[in-house]
Amino acid sequence: MDKRPCNSSQDPEVRKGPWTMEEDLILINYIANHGEGVWNSLAKAAGLKRTGKSCRLRWLNYLRPDVRRGNITPEEQLLIMELHAKWGNRWSKIAKHLPGRTDNEIKNFWRTRIQKHIKQAENFQQQSTSTSDQMNDHHHHQASTSQMSTTMAHEPIGSSTYSPPSYQGTLDPFIPTTQFPTFPTDQSASNCCPTNDNNYWSMEDIWSL
DNA sequence: AAGCCGCGCAACCGCCTGACT
DNA sequence: AAGTCAGGCGGTTGCGCGGCT
Numbered sequence: 000m001d002k003r004p005c006n007s008s009q010d011p012e013v014r015k016g017p018w019t020m021e022e023d024l025i026l027i028n029y030i031a032n033h034g035e036g037v038w039n040s041l042a043k044a045a046g047l048k049r050t051g052k053s054c055r056l057r058w059l060n061y062l063r064p065d066v067r068r069g070n071i072t073p074e075e076q077l078l079i080m081e082l083h084a085k086w087g088n089r090w091s092k093i094a095k096h097l098p099g100r101t102d103n104e105i106k107n108f109w110r111t112r113i114q115k116h117i118k119q120a121e122n123f124q125q126q127s128t129s130t131s132d133q134m135n136d137h138h139h140h141q142a143s144t145s146q147m148s149t150t151m152a153h154e155p156i157g158s159s160t161y162s163p164p165s166y167q168g169t170l171d172p173f174i175p176t177t178q179f180p181t182f183p184t185d186q187s188a189s190n191c192c193p194t195n196d197n198n199y200w201s202m203e204d205i206w207s208l
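Counting from 1, position 4 in the first sequence corresponds to residue 3 in numbering that gives the first Met the number 0; the numbering is continuous, with no gaps.
And the structure:
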């Protein structure tokens, strides 16, 4: 365990911060020749002045040949939201269902995009329904949790019935198409579909879940 | 044109867990 | 059984960049 004060931070031999191209090449070449192994010894053997953790992270999140970065598709967004509703902030678990995507990227995506919209939706909800608190009766009281992610995270939405909001009329949707595409893979979604004709999810739809 | 501000992302940190001795 | 080590994970931070004033 590394519960002791981080030695690496005290060791002047250990580099930190952004990786240089030379370091990347060293790591790539070493793994190409020797494969992945014990990361600490790999870092030493490769001559990198980095911790094993740093090497591992760099490899998994950036250098791996099969890693995909950027351009998260609407389908992937939906999948992320669905899986997050199921599992909460289990980023690595979610990432396993998105080939080529890393937990770090999904985590960043969630925090910077989705969570922002959720908070905006929450604010709108508070403004528009401030007099109707009973809506939350069948909702968990843990909505007071500081992070929306944890709110949703521990919500046992029993059968993957999480459905993405559209925030129509209140927010600019984060999907460029301005609406969520239909998501035919989830039969349960049809049970709680938006009741209006335009396939948008109103806040009522969301909260009624 | 310059400064400010917010966003997105890479990387680090601390904790947990399982394997091994 | 207890201690150590390495890997894995989620949370957080720092910085570069682009847009705005």
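Glycine is no exception: its CB is placed at the ideal position from the N, C-alpha and C atoms.
Taking the C-alpha atoms as reference points, what is the distance between residue i and residue j?
i: Lys15; j: Arg49; result: 7 Å
i: Asn70; j: Gly34; result: 29 Å
i: Trp19; j: Phe108; result: The sequence shown places Thr at residue 19, rather than the Trp named in the question. Looking at the two C-alpha atoms, the distance is approximately 24 Å.
i: Ser165; j: Trp86; result: Any answer about Ser165 is weak, because its pLDDT of 38 lies below 50 and its placement is not dependable; what the coordinates show is given next. Near 21 Å, if we compare the C-alpha coordinates of Trp86 and Ser165.
i: His96; j: Leu62; result: 20 Å
i: Trp38; j: Ser53; result: 9 Å
i: Thr72; j: Ile79; result: 10 Å
i: Ser91; j: Lys106; result: 9 Å
i: Gln114; j: Ala84; result: 12 Å
i: Ala31; j: Pro64; result: 11 Å
i: Glu12; j: Ile117; result: 43 Å
i: Tyr29; j: Asp102; result: 24 Å
i: Asn88; j: Glu74; result: 19 Å
i: Ser40; j: Arg110; result: 34 Å
i: Pro17; j: Arg112; result: 24 Å
State the CB to CB distance for the pair residue i and residue j, rounded to an integer number of angstroms; the pair is presumed to be in contact (CB under 8 Å).
i: Val66; j: Gly36; result: 19 Å between Cβ atoms; not a contact.
i: Arg68; j: Glu104; result: 7 Å
i: Leu59; j: Glu22; result: About 15 Å; that fails the 8 Å criterion.
i: Gly51; j: Ala45; result: About 11 Å; that fails the 8 Å criterion.
i: Leu26; j: Arg57; result: 6 Å
Short check: CB of residue i to CB of residue j, under 7 Å?
i: Leu82; j: Ile93; result: yes
**Item:** Runs of alpha helix (DSSP H) wholly within the region 20–84 (minimum 4 residues, chain order)
**Value:** 20–33, 38–45, 51–57
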